[in-house]
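Trainee: One structure follows; several queries about it will come next.
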Amino acid sequence: MFASVSLDLKRRRPLPIPKAIVGMPTFVPDSSLVSDTVPSLNFGDRAKGRPPDMIVLHYTGMPDVEGALARLCTSGTEVSAHYVVLEDGRVVQCVQEAKRAWHAGVSSWAGEEDINSCSIGIEIVNRGHDWGYPAFPLRQIAAVIALCRGIIHRRDILAHRIVGHSDVAPARKKDPGEKFPWHSLADSGVGHWVRPAPIVAGDVLKTGSEGENVRALQQSLARYGYGIKASGKFDNPTMEVVTAFQRHFRPEKVDGVADQSTLTTLRALLESLPVPTVAASRDIS
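Residue numbers (our numbering): 1169 to 1453.
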């Protein structure tokens, strides 16, 4: 099914190679899906030789692929990613998987703060929220799924360790956003997902709320992996994490308010995690 992603090249325009890296030595790609290698100058060694055990998905958030590749590959931008998936389904590799790409920035997940050292970053070409935020083409999503499945197989990555940039940096990032079809990835064996609980009227937790229910919500979000402190106060950082959670797991309504749908979906996610990974979740309703 996904083999067709790398075919039909006749209708595809030439890849825009940034002028600054023309003639640079290339490398053998890690994935057979890679159509081109465009080496980035922005990478380093993983801390303590840490093998990657996460995948972080991004959108490029720029008007065109030319600008995105230039930013990801040109020295001085301090930004890169291991892979870029174009709208037509082509997969470009910019940094070898063994190396540390600079894609996550200031971020955290499950108690770790050097996300770049423990993850593989995949940039998905999409203009993003600042430029109209179009839907992701089916051909592009098929390529993302195929690429991720290969990485999962090579690296033995667990489903709940496949996250979005907004999950690891909720105060700064929105990508890949509420239009990204996480459910389609999960249906193909990529990522952790449960059917979002229906949105219904009822009590909510929101900015200004305080008490044990807020603390339980914060503890549950932290247990899943989000970087949040259990203060018992629904402050701005809590709202940002709830918003990031909704973008990923309850995209129908993204408002930073922990309604019953959000709470029930979070509880279902925790209950469906592998048993050694998480203790039984306390009631957060």
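In this text, a Cβ means the ideal position worked out from N, Cα and C, and glycines have one as well.
Identify every residue that forms a DSSP beta bridge with Glu1380.
Mentor: Within the sequence shown, the letter at position 212 stands for residue 1380. Per DSSP, none; premise fails for Glu1380.
Trainee: Going by DSSP, name the residue or residues bridged to Trp1277.
Mentor: For the purposes of this step, residue 1277 is taken as the residue at position 109 of the sequence shown. Beta-bridge pairing links Trp1277 to Glu1280.
Trainee: Taking Thr1242 as the reference, which of Leu1225, Ser1208, Phe1348 has the closest Cα?
Mentor: Within the sequence shown, residue 1242 is the residue found at index 74, counting from 1. Checked all of Leu1225, Ser1208, Phe1348; the closest Cα to Thr1242 is Ser1208.
Trainee: In chain order, what residues of the same chain lie with their CB nearer than 7 Å to the CB of Gln1387, ignoring the 5 residues before and after it?
Mentor: Translated into positions along the sequence shown, residue 1387 becomes position 219. Counting only Cβ-Cβ distances below 7 Å, and skipping sequence neighbours, we find Ala1398.
Trainee: Restricting to Cα atoms, I'd like to know which of Gly1279, Pro1182, Ser1203 is closest to Ala1311.
Mentor: As a working mapping, residue 1311 is identified with position 143 in the sequence shown. For Ala1311, the nearest C-alpha among the options comes from Ser1203.
Trainee: Once DSSP output is grouped into helix, strand and coil, what is the label at Gly1359?
Mentor: Counting from 1 along the sequence shown, the entry for residue 1359 is found at position 191. Here Gly1359 sits in coil by DSSP.
Trainee: Given a cut-off of 8 Å, decide if Pro1364 and Thr1433 are closer than it, judged by their beta-carbon atoms.
Mentor: Translated into the one-based positions of the sequence shown, residue 1433 becomes position 265. Translated into the one-based positions of the sequence shown, residue 1364 becomes position 196. Cβ atoms of Thr1433 and Pro1364: closer than 8 Å.
Trainee: Across the segment 1224 to 1231 and the segment 1284 to 1291, are there enough close Cβ pairs to call them in contact, namely three or more that are closer than 8 Å?
Mentor: Because the criterion of three Cβ pairs below 8 Å is met, the segment 1224 to 1231 and the segment 1284 to 1291 touch.
Trainee: Below 8 Å on the Cβ atoms is my contact criterion, and I expect Gln1264 with Phe1348 to pass it. Report the Cβ-Cβ distance as a whole number of Å.
Mentor: Residue numbering aside, residue 1264 sits at position 96 when the sequence shown is read from its first letter. Residue numbering aside, residue 1348 sits at position 180 when the sequence shown is read from its first letter. Their Cβ separation, rounded to whole angstroms, is 26 Å, which puts Gln1264 and Phe1348 out of contact at 8 Å.
Trainee: Name the two residues that bound the continuous alpha helix (DSSP H) containing Val1312.
Mentor: Along the sequence shown, read from residue 1 onward, the residue named residue 1312 stands at position 144. Per DSSP, Val1312 belongs to the alpha helix (DSSP H) from 1306 to 1323.
Trainee: Please return the same chain residues whose Cβ sits closer than 6 Å to the Cβ of Gly1318, not counting the five positions on each side in sequence.
Mentor: Within the sequence shown, numbered from 1, the residue matching residue 1318 stands at position 150. Cβ neighbours of Gly1318 beyond the five flanking positions: Ser1199.
Trainee: Pick helix, strand or coil for Glu1346, following the three-state DSSP scheme.
Mentor: Here residue 1346 is taken as the residue at index 178 of the sequence shown, counted from 1. Looking at Glu1346 - three-state DSSP - the assignment turns out to be coil, as it is neither helix nor strand.
Trainee: Pair every Cβ in the segment 1414 to 1423 with every Cβ in the segment 1342 to 1361, then say whether three or more of these pairs are closer than 8 Å.
Mentor: Yes, since at least three Cβ pairs between the segment 1414 to 1423 and the segment 1342 to 1361 fall closer than 8 Å, the two stretches touch.
Trainee: Leaving aside the five residues before and after Leu1237 along the sequence, list all residues of the same chain whose C-beta is less than 7 Å from its C-beta, in chain order.
Mentor: As a first step, residue 1237 must be located in the sequence shown, where it is residue number 69. Cβ within range, chain order: Pro1184, Pro1186, Val1206, Val1252.
Trainee: Under the DSSP definition of a beta bridge, which residues are partnered with Lys1401?
Mentor: The residue labelled residue 1401 in the question sits at position 233 within the sequence shown. According to DSSP, which records beta bridges pairwise, Lys1401 is partnered with Glu1378.
Trainee: On a Cα-Cα basis, can you pick out the residue from Ser1377, Pro1366, His1360 that is closest to Ala1429?
Mentor: Translated into the one-based positions of the sequence shown, residue 1429 becomes position 261. The displayed chain sequence assigns Ser, not Ala, to residue 1429. Taking only the C-alpha atoms, the option nearest Ser1429 is Pro1366.
Trainee: Tell me whether Asn1210 is buried or exposed, calling it buried when 16 or more other Cβ atoms sit within 10 Å of its Cβ.
Mentor: As a first step, residue 1210 must be located in the sequence shown, where it is residue number 42. So Asn1210 counts as buried.
Trainee: Using the beta-carbon count (16 or more within 10 Å), is Arg1179 buried or exposed?
Mentor: By one-based count along the sequence shown, residue 1179 stands at place 11. In this prediction, Arg1179 scores a pLDDT of 49, lower than 50, which makes its location untrustworthy; the coordinate-derived value is nonetheless stated afterwards. Exposed is the call here.
Trainee: Expressed to the nearest angstrom, what Euclidean distance is found between the alpha-carbon atoms of Gln1261 and Ser1248?
Mentor: The count along the sequence shown starts at 1 and reaches residue 1261 at position 93. The count along the sequence shown starts at 1 and reaches residue 1248 at position 80. The straight-line gap from Cα to Cα measures roughly 10 Å.
Trainee: Consult DSSP for Tyr1392 and reduce its assignment to one of helix, strand or coil.
Mentor: On the sequence shown, position 224 is the one that residue 1392 refers to. If DSSP states are grouped into helix, strand and coil, Tyr1392 belongs with the helices.
Trainee: For Arg1239, name the three-state secondary structure that DSSP assigns.
Mentor: Sequence index remark: in the sequence shown, residue 1239 carries index 71 (1-based). In this structure, Arg1239 counts as helix in the three-state DSSP scheme.
Trainee: Between the alpha carbons of Gly1235 and Val1425, how many angstroms are there, rounded?
Mentor: If you number the sequence shown from 1, residue 1235 lands on position 67. If you number the sequence shown from 1, residue 1425 lands on position 257. Near 35 Å, if we compare the C-alpha coordinates of Val1425 and Gly1235.
Trainee: Which residues in the same chain as Arg1383 place their Cβ atom closer than 8 Å to its Cβ, once the five residues preceding and following it in sequence are excluded?
Mentor: Along the sequence shown, one-based indexing puts residue 1383 at 215. Counting only Cβ-Cβ distances below 8 Å, and skipping sequence neighbours, we find Ala1398, Ser1399, Gly1400.
Trainee: Whose CA, out of Trp1361, Arg1340, Leu1431, lies closest to the CA of Asn1381?
Mentor: Locating residue 1381 in the sequence shown gives position 213, counting from the first residue. Ranking Trp1361, Arg1340, Leu1431 by Cα distance to Asn1381 puts Leu1431 first.
Trainee: With distance defined between alpha-carbon atoms, name the residue in Asp1256, Trp1350, Asp1298 nearest to Met1230.
Mentor: Start at 1 with the first residue of the sequence shown, and residue 1230 comes out as number 62. Met1230 has its Cα closest to that of Asp1298, out of Asp1256, Trp1350, Asp1298.
Trainee: Cα separation between Arg1239 and Ser1275?
Mentor: Taking the sequence shown and counting its residues from 1, one reaches residue 1239 at position 71. Taking the sequence shown and counting its residues from 1, one reaches residue 1275 at position 107. Cα to Cα, Arg1239 sits roughly 20 Å from Ser1275.
Trainee: What residues are listed by DSSP as bridge partners for Thr1205?
Mentor: Walking along the sequence shown from the start, residue 1205 turns up at place 37. Per DSSP, Gln1261.
Trainee: Is the Cβ-Cβ distance between Ala1278 and Gly1393 less than 8 Å?
Mentor: As a first step, residue 1278 must be located in the sequence shown, where it is residue number 110. As a first step, residue 1393 must be located in the sequence shown, where it is residue number 225. Yes, these two residues count as a Cβ contact at 8 Å.
Trainee: When you compare only the Cα positions, how much space is there between Asp1403 and Ser1440?
Mentor: For the purposes of this step, residue 1403 is taken as residue 235 along the sequence shown, with counting starting at 1. For the purposes of this step, residue 1440 is taken as residue 272 along the sequence shown, with counting starting at 1. Approximately 28 Å, taken between the alpha carbons.
Trainee: Quick check on Leu1306: buried or exposed, where buried means 16 or more other Cβ atoms within 10 Å of its Cβ?
Mentor: Looking up residue 1306 in the sequence shown gives position 138. Per the 10 Å Cβ criterion, exposed.
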